[in-house]
Amino acid sequence: MIEASLIKAAAYLGAAISVGAAAIGAALGEGYAAGEANAAISYRPRYSAQVLTTMLVGQAVAETPGIFGLVVAIVLIFAAPSQVPLTKAFAYVGAGFSMGFSGIGPGLGSGFPVGSACQGIVRQPEMSGDLMKVMLIGQAISQSTAIYGLAVALALILLA
Amino acid sequence: MEELGKIWVWSIKLAGYQLTFNVTTILMTLIVMGILIIFAHYASRNAGMVPHTCQLIGEFFVGNFWKLTVDALDEEMAKTYFPLICALFMFLWCCNVLGILPGLEEPTKDLNTPLGLGIMGFFLAHYAGIKTKGFKGYIKEYFQPIFFMAPLNVVGELAKVISISFRLYGNIMGGSIIIIVVSYLVYDLILPPFLYGFFGLFVGTVQAFVFTMLTLVYISVQVK
Numbered sequence: 000m001i002e003a004s005l006i007k008a009a010a011y012l013g014a015a016i017s018v019g020a021a022a023i024g025a026a027l028g029e030g031y032a033a034g035e036a037n038a039a040i041s042y043r044p045r046y047s048a049q050v051l052t053t054m055l056v057g058q059a060v061a062e063t064p065g066i067f068g069l070v071v072a073i074v075l076i077f078a079a080p081s082q083v084p085l086t087k088a089f090a091y092v093g094a095g096f097s098m099g100f101s102g103i104g105p106g107l108g109s110g111f112p113v114g115s116a117c118q119g120i121v122r123q124p125e126m127s128g129d130l131m132k133v134m135l136i137g138q139a140i141s142q143s144t145a146i147y148g149l150a151v152a153l154a155l156i157l158l159a
Numbered sequence: 000m001e002e003l004g005k006i007w008v009w010s011i012k013l014a015g016y017q018l019t020f021n022v023t024t025i026l027m028t029l030i031v032m033g034i035l036i037i038f039a040h041y042a043s044r045n046a047g048m049v050p051h052t053c054q055l056i057g058e059f060f061v062g063n064f065w066k067l068t069v070d071a072l073d074e075e076m077a078k079t080y081f082p083l084i085c086a087l088f089m090f091l092w093c094c095n096v097l098g099i100l101p102g103l104e105e106p107t108k109d110l111n112t113p114l115g116l117g118i119m120g121f122f123l124a125h126y127a128g129i130k131t132k133g134f135k136g137y138i139k140e141y142f143q144p145i146f147f148m149a150p151l152n153v154v155g156e157l158a159k160v161i162s163i164s165f166r167l168y169g170n171i172m173g174g175s176i177i178i179i180v181v182s183y184l185v186y187d188l189i190l191p192p193f194l195y196g197f198f199g200l201f202v203g204t205v206q207a208f209v210f211t212m213l214t215l216v217y218i219s220v221q222v223k
């Protein structure tokens, strides 16, 4: 009985670490993108609609690590089995660490391309299609570390 | 709060294998398909120089996505892939927005739908790559910049499928969970309509657009 509640407690701790740490990077990256977009609009107000679209799309992509953290937290809270050996408790906390800390860097890092793309659009508006393409590719690749974190976290929860 | 983990599942045994069908997802996908087919019927019927409402909405979608597709691919390629891109966005948008109607659920809330669409995009992009560059040129891409980067390039390609589908799934699933939890906390007073507006309409539209754009970008990376 005590074992089961210990394992539940570990799952809750892991969920808190997962979403708490992963939110840091995503929030910083999105805030940076919004700041750059504002600077870009003040520089050339005529292109504010294009800058807004780019900013929203980029922020939606930069939010992904935070969403991964949320998914892992939800799995830990609602779907993690508690009738398992005590070693699983460490796996749950480890899953939280894995997803949480691997979410910081990609969240922050995929905010930078958004800011630069916003600045680039007001400087050369005819390049906006290419800029958005490169921005999306760069973000998708910079988020691969978050995907490794997610894979390890899910493996720890479901397989370990 | 108990309804979170429960799904309506229909399982049959066939030749020693257990087949599991998620009935809610299938039903909701069929509803979305029905909506789109009816919309397409009304949009193309009596098409004329002075557009009626349905035709106007259809032309709005087609015009905007034609521009985006031509920007990403060139004119010749765009003719091949544009119908898919436009249809993908309309399907995903209907899926993501379906949740704001009472009693209905987003088919994209189930990981299988985004994963299926992501795998479709993956195969399509690689098919386009092989077709334009030839098999030799396509394989050569994996050994850039140096030959021992090949395993990393393969992992990177596979990670694209995971990231594109988990992004859509996580956003829609997270939104619906937040709506359930907050509605439970405030006893369904005042807040839920605004939450449906934000997560259903705004996040749903942005995520459908992001998924479509990423599929388009993956195709354009392969063909260039």
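As given, the protein sequences belong to chains A and B, one line each in that order.
86 is the number that numbering that gives the first Met the number 0 gives to position 87 of the first sequence; each next residue is one higher, with no gaps.
189 is the number that numbering that gives the first Met the number 0 gives to position 190 of the second sequence; each next residue is one higher, with no gaps.
Think of the CB as a built atom: it goes at the ideal place given N, C-alpha and C, for glycine as much as any other residue.
Note that the structure is a prediction, hence the values are computed from the model and not measured.
For glycine 13 of chain A, same chain residues with a beta-carbon under 6 Å away, outside a window of 5 residues either side, are Leu75, Tyr91, Val92, Ala94, Gly95 in chain order. Residue contact check for asparagine 170 of chain B against chain A: a CB pair falls below 8 Å. Straight across, the Cα-Cα distance linking tyrosine 11 of chain A with glutamine 82 of chain A is about 15 Å.
Annotated as distal: methionine 126 of chain A and proline 112 of chain A, with beta-carbon spacing of 8 Å or more.
Contact of phenylalanine 67 of chain A with chain B is assigned, a C-beta pair being separated by under 8 Å. The beta carbon of isoleucine 16 of chain A sits closer than 8 Å to those of Val92, Gly95, Phe96, Gly99, all from its chain and outside the five residues before and after it, given in chain order. DSSP places asparagine 21 of chain B in the uninterrupted beta strand (DSSP E) bounded by 16 to 21. Leucine 157 of chain A is outside the set of residues whose beta carbon lies under 8 Å from a beta carbon in chain B.
Within the same chain, Cβ atoms closer than 7 Å to the Cβ of glutamine 17 of chain B are found at Ser10, the five residues on either side in sequence being excluded. Around leucine 55 of chain A, the same chain offers no residue with a beta carbon nearer than 7 Å, after the five sequence neighbours per side are excluded. Only exposed fits glutamate 58 of chain B, as fewer than 16 other CB atoms lie within 10 angstroms of its CB. Look at leucine 213 of chain B: its C-beta is under 8 Å from a C-beta on chain A. Under the DSSP assignment, isoleucine 11 of chain B falls in the beta strand (DSSP E) whose first and last residues are 8 to 13. For the 8 Å CB-CB criterion, alanine 39 of chain A and valine 121 of chain A form a contact. Judged by beta-carbon spacing, tyrosine 137 of chain B lies within the 8 Å limit of isoleucine 129 of chain B, meaning their Cβ atoms are closer than that value.
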